[in-house]
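**Q** Quick note: the sequence shown uses our numbering, first residue 48, plus one each step. Each residue gets a CB set at the ideal place from its N, CA and C atoms; glycine is no exception. For reference, the structure I am asking about is given below.
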Amino acid sequence: MTLATLITGLPKAELHIHLVGSASPHTVLDLARRHPDAGVPTDGDELAAFYAFRDFRHFIDVCHAVDSLITTPDDLVTLVLGLATDAAECNVRWAEVTVTAATHLAAGISAPDLRASLEQARLAASRDLGVELGWIFDIPGERGLAAADTTVAFLREHAPDGTLAIGLAGLEQAAPRAMFRRHVAAARGLGLNAVIHAGETTGPESIWSALWDLNANRIGHGTSAVTDPELLAHLADTDVPVEVCVSSNLRTVSVPELAAHPVPTMLAAGVEVCLSTDDPGMFGTDLNREYDIVAELAGLDEAGVSALARRSFTASFAPEELRAKAVAEIDHLAGA
């Protein structure tokens, strides 16, 4: 069995994927044509140019523009089923999908409709595609405390089945992690986990803050950890998973080039790296491709690639039965 064949065949969990950013160009064009006043291109070539990001700030601006296409419950169902269809093609069995409730509510979708559309799509993804979904509702950090309040209120009053965690994403420089301490604490009071973007466009201090101030269960991106040996060792020693999204980092210019990406250093240090796509529709990638990239970059063999797939489940919030079944299948394939 070739390494590429193994990667294709391995069951995988996707732990860091944003619902709106997952939309394929075909889906975005469909939505843009439904909502032509949103300012998102309705032509394929123009959309490709629209997705040429100058820097991370520009990427966030584009995300907000695409967010504006989501104005009805049907739009949400379209997005979720598109995500699940693409995930199934990469043998993803479990995906923890980040949904920015504050944005959708601000666009006029009611909280009951948001809940109902996500539940409808989650059940359809399981029934029709064999992909199980869970939800992470994130605070868009650059939109401040009001958006954080809205997110927690939604979690308290309308969280759909399958809700797993509160998240914190967006422009890191605009929102120190500790700023949202009370919101994360409130979500924990509801029995939820915390998944925090940190160290993507800021230094290791934001990762320390995510750990100490917010008690993060997982770190999103975390690439700047390699600049702080103490932090790198701490992440390895405490087994805090780090969701690494290589193509995302390159496309947003958070990392200047593939050769400079720190994932080999993170793996060598023993950090619990979980490969993810972040916004695969915007970045033109999928989870199999991310495994291919990292296998070549870090010189991984079959055992190394299988370990990444195994970790994607053990670091997840999936039900224990699903995790155990997937890990057993990975172990079988790895020994074949």
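What separation, rounded to the nearest whole angstrom, lies between the Cα atoms of E219 and P288?
**A** 19 Å
**Q** Please report how far the alpha carbon of A257 lies from the alpha carbon of V231, in whole angstroms.
**A** 10 Å
**Q** Taking 6 Å as the limit between beta carbons, can you name the residues of its chain near A316, skipping five residues before and five after?
**A** Within the same chain, Cβ atoms closer than 6 Å to the Cβ of A316 are found at L279 and A283, the five residues on either side in sequence being excluded.
**Q** Which first and last residues belong to the alpha helix (DSSP H) in which L53 is found?
**A** L50 to G56
**Q** Can L355 and L334 be called in contact, C-beta distance under 8 Å?
**A** The Cβ atoms of L355 and L334 do not sit closer than 8 Å to each other.
**Q** Considering G129, what are the terminal residues of the alpha helix (DSSP H) in which it resides?
**A** P120 to E136
**Q** Report yes or no: do the region 163-178 and the region 123-139 share at least 3 C-beta pairs separated by less than 8 Å?
**A** yes
**Q** Residue range of the beta strand (DSSP E) that C321 falls in?
**A** In this chain, the beta strand (DSSP E) harbouring C321 covers V320 to L322.
**Q** Can you give the beta carbon distance from L380 to L66, rounded, assuming they're within the 8 Å contact cut?
**A** The beta carbons of L380 and L66 sit about 29 Å from each other, so the pair does not count as a contact at 8 Å.
**Q** Going by other Cβ atoms of all chains shown within 10 Å of its Cβ, with 16 needed for buried, is W182 buried or exposed?
**A** Under a 10 Å Cβ-count criterion, W182 is classified as buried, with 16 or more other Cβ atoms of the shown protein chains found around its own Cβ.
**Q** Whole angstroms is fine: what's the gap from W259's alpha carbon to H281's?
**A** 12 Å
**Q** Output the distance between the C-alpha atoms of A193 and V199, rounded to the nearest integer angstrom.
**A** 10 Å
**Q** Decide if the region 338-345 is in contact with the region 361-378; the criterion is three or more beta carbon pairs, one per stretch, under 8 Å apart.
**A** no
**Q** Of all the options N264, E252, R265 and L123, which has the alpha carbon lying nearest to the alpha carbon of S271?
**A** E252
**Q** If you follow the beta strand (DSSP E) that G267 is in, where does it begin and where does it stop?
**A** G267 -> beta strand (DSSP E) spans R265 to H268.
**Q** If contacts are defined as beta-carbon pairs under 8 Å, then A212 and V242 qualify, I think. What distance do you get, rounded to the angstrom?
**A** 5 Å
**Q** Are at least three pairs of beta-carbons, each pair with one atom in the region 48-56 and one in the region 295-309, less than 8 Å apart?
**A** no
**Q** Which residues does DSSP list as the beta-bridge partners of W141?
**A** A60 and E179
**Q** Would you list, in sequence order, the uninterrupted alpha helix (DSSP H) runs of no fewer than 4 residues that lie entirely inside the region 312-354?
**A** 327-330 and 334-345
**Q** Considering Cα atoms alone, identify which of S294, A134, V318 and L261 is closest to T285.
**A** V318
**Q** Sort A60, V109, A158 and K59 by Cα distance to A70 and report the nearest one.
**A** V109
**Q** Can you give me the start and stop residues for the beta strand (DSSP E) that H244 sits inside?
**A** N240 to A245
**Q** Determine contact between the region 151-162 and the region 94-112, defined as no fewer than three beta-carbon pairs at a distance below 8 Å.
**A** no
**Q** Could you give the first and the last residue of the continuous beta strand (DSSP E) run that contains A216?
**A** T210 to A216
**Q** Thinking just about the alpha-carbon of each residue, which of A234, G214 and P120 is nearest to the one in E204?
**A** Across the set A234, G214 and P120, the C-alpha of A234 shows the shortest separation from the C-alpha of E204.
**Q** Nearest-angstrom Cα distance between E93 and D325?
**A** 22 Å
**Q** So R190 and A149 are in contact, right, with Cβ under 8 Å, and what is the actual spacing, rounded?
**A** Sure, about 7 Å apart at Cβ, within 8 Å.
**Q** Use the C-beta contact count for H268: other C-beta atoms within 10 angstroms, 16 or more gives buried, fewer gives exposed.
**A** buried
**Q** Taking just the CA atoms, how far does E290 sit from T55?
**A** Rounded to whole angstroms, T55 to E290 spans 20 Å at the Cα level.
**Q** What three-state label does DSSP hand E166 in the structure shown?
**A** helix
**Q** As a quick exercise: from R336, F360 and P327, pick the residue whose alpha carbon is nearest that of I64.
**A** P327
**Q** Looking at the structure shown, is I186 part of a helix, part of a strand, or coil, going by DSSP?
**A** strand
**Q** Using 10 angstroms around the beta-carbon of D102, count the other beta-carbons present and answer buried if the total reaches 16, otherwise exposed.
**A** exposed
**Q** Taking V289 as part of the beta strand (DSSP E), name the residues at either end of that continuous run.
**A** V289 to V291
**Q** Jot down the residue ranges of each uninterrupted alpha helix (DSSP H) in the region 70-104, minimum 4 residues, whole runs only, in chain order.
**A** 72-81 and 91-97
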